[in-house]
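Peer 1:
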Amino acid sequence: MQVMGKQKKWWAALEVFEQMNEEGPPPDARSYSIIRGHFNFLLKASKDRGTCRWNVQLLEKMEAHGIAPDQTAWDTTLVACAIKVDPELAVYVFDKMIEKGHQPNVLSYGALLSTLEKGGLYAKADEVWKHMRKMGVRPNINAYTIMISVYGNSKNYEELRLLIDQMSAAKVEPTLVTYNALITVCAKSNDGQAALEWMQSLIHSGLIPDSISYSQLIIALSRSDNVEAAKDALFEARRLGLTVSPVALDCLVNACRRSNVKQPLEEFNPEAEML
Numbered sequence: 001m002q003v004m005g006k007q008k009k010w011w012a013a014l015e016v017f018e019q020m021n022e023e024g025p026p027p028d029a030r031s032y033s034i035i036r037g038h039f040n041f042l043l044k045a046s047k048d049r050g051t052c053r054w055n056v057q058l059l060e061k062m063e064a065h066g067i068a069p070d071q072t073a074w075d076t077t078l079v080a081c082a083i084k085v086d087p088e089l090a091v092y093v094f095d096k097m098i099e100k101g102h103q104p105n106v107l108s109y110g111a112l113l114s115t116l117e118k119g120g121l122y123a124k125a126d127e128v129w130k131h132m133r134k135m136g137v138r139p140n141i142n143a144y145t146i147m148i149s150v151y152g153n154s155k156n157y158e159e160l161r162l163l164i165d166q167m168s169a170a171k172v173e174p175t176l177v178t179y180n181a182l183i184t185v186c187a188k189s190n191d192g193q194a195a196l197e198w199m200q201s202l203i204h205s206g207l208i209p210d211s212i213s214y215s216q217l218i219i220a221l222s223r224s225d226n227v228e229a230a231k232d233a234l235f236e237a238r239r240l241g242l243t244v245s246p247v248a249l250d251c252l253v254n255a256c257r258r259s260n261v262k263q264p265l266e267e268f269n270p271e272a273e274m275l
């Protein structure tokens, strides 16, 4: 079976495994380990192709042959659900994993939270987050970043402030993605000052802002009618060789009009900017 795996003949290896079960000699611990490894390879390949329902079928096939999926198998399937954004299937897999006696880890929770956040199921994501904390699973920066988006998109700013305090107390360092999520929350709530403060924190941390950082900052500043700061952010982005989104440029143009700021539209040149 091991040789067959190296030759990518996984189904042939499974046939040998079935024959051992039916005719003998019975598979030993090493046989189970080898065939489980083959299934884990197939699960990863399915995940990379974005076929999460095939992942579930593979898990069912494993169980049908008496091969208990390990933690890696369950987590790979949950990540596959996150990639495909299938919240219903992700919840099913998560519940099934617990039913089979596995304790979800931070990767398990993170994958489920990601699926729920992408699917817009913010209340369910909050429920899963609180369950994770109750179970004593320590969040990583990925989980914190997902929940920043969850609370920001659901406009649950009280929980968001609490989350940021918890992250700081746990000494979890924000990444660029985390800062971008925070600036995006500010853009959605029209809070230009807070967006500017998060951008300053980003820069002071030693990280380098990207196009998303500046685009969301410009949106936040423009929506709060801080036109001069928004223009400064645009020109700084261009100085750094970064492009900003058309949405950011539109917000800035509209802010200029609202504030009666006479700015030549060609200076912004929206058509020259690319996503």
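In full-length UniProt numbering, the protein residues as written are 1 to 275. Positions of the beta carbon are idealized from the N, C-alpha and C atoms, including for glycine.
State whether the region 220 to 229 contacts the region 238 to 247, with contact taken as three or more CB pairs (one from each stretch) at a distance under 8 Å.
Peer 2: no
Peer 1: For Thr178, which residues in the same chain have their Cβ closer than 8 Å to its Cβ, ignoring the five residues on either side in sequence?
Peer 2: Ile141, Tyr144, Thr145, Ile148
Peer 1: Quick one: give me the first and last residue of the alpha helix (DSSP H) that His102 is part of.
Peer 2: Taken as a continuous stretch (DSSP letters only), His102 belongs to no alpha helix (DSSP H), as it is neither H nor E.
Peer 1: Between which residues of its own chain and Trp198 is the CB-CB distance below 7 Å, once the five residues before and five after are set aside?
Peer 2: Tyr179, Leu182, Ile183, Cys186
Peer 1: Taking CB distances under 7 Å as the criterion, tell me whether Gln193 reaches chain B.
Peer 2: Considering every chain present, this structure includes no chain B. It has just one protein chain.
Peer 1: Buried or exposed, going by whether 16 or more other CB atoms sit within 10 Å of the CB of His204?
Peer 2: exposed
Peer 1: Measuring alpha carbon to alpha carbon, tell me which of Asp210, Arg258, Asn260, Ala255 ends up nearest Val244.
Peer 2: The option with the nearest alpha carbon to Val244 is Asp210.
Peer 1: Between Trp54 and the rest of its own chain, which residues show a CB-CB distance below 8 Å, the 5 nearest in sequence each way excluded?
Peer 2: Within the same chain, Trp54 has close Cβ partners Ser46.
Peer 1: Under the assumption that Asp165 contacts Val150 (Cβ atoms under 8 Å), give the Cβ distance between them as a whole number of angstroms.
Peer 2: So it is not a contact: roughly 16 Å between Cβ atoms.
Peer 1: Does DSSP classify Glu173 as helix, strand or coil?
Peer 2: If DSSP states are grouped into helix, strand and coil, Glu173 belongs with coil.
Peer 1: Near Leu217, what residues of its chain come up, given a Cβ to Cβ distance below 6 Å and the 5 sequence neighbours on each side ignored?
Peer 2: Ile183, Ala195, Met199, Ala233
Peer 1: If you drop the 5 nearest sequence neighbours on each side, which residues of the same chain put their C-beta closer than 8 Å to that of Lys6?
Peer 2: With a pLDDT of 49 at Lys6, under the threshold of 50, the predicted position of this residue should be treated as unreliable, and no value is reported.
Peer 1: I'd like the span of the alpha helix (DSSP H) that includes Ala82, first residue to last.
Peer 2: DSSP places Ala82 inside the alpha helix (DSSP H), whose first and last residues are 71 to 84.
Peer 1: Between which two residues does the alpha helix (DSSP H) harbouring Asn147 extend?
Peer 2: The identity of residue 147 in the sequence shown is Met, whereas the question assumes Asn. It spans 141 to 153 - the alpha helix (DSSP H) in which Met147 sits, taken as one unbroken run.
Peer 1: Using a Cβ-Cβ cutoff of less than 8 Å, which residues in the same chain neighbour Leu64 once the five nearest sequence positions on both sides are dropped?
Peer 2: For the record, residue 64 in the displayed sequence is Ala; it is not Leu. Closer than 8 Å at the Cβ level, and outside the excluded window around Ala64, lies no residue.
Peer 1: Applying the 10 Å Cβ sphere with the 16-neighbour rule, what's the burial state of Ala123?
Peer 2: Ala123 should be labelled exposed.
Peer 1: Which first and last residues belong to the alpha helix (DSSP H) in which His131 is found?
Peer 2: Residue range 122 to 134 is occupied by the alpha helix (DSSP H) that includes His131.
Peer 1: CA-CA distance, Tyr157 and Ala68?
Peer 2: 42 Å
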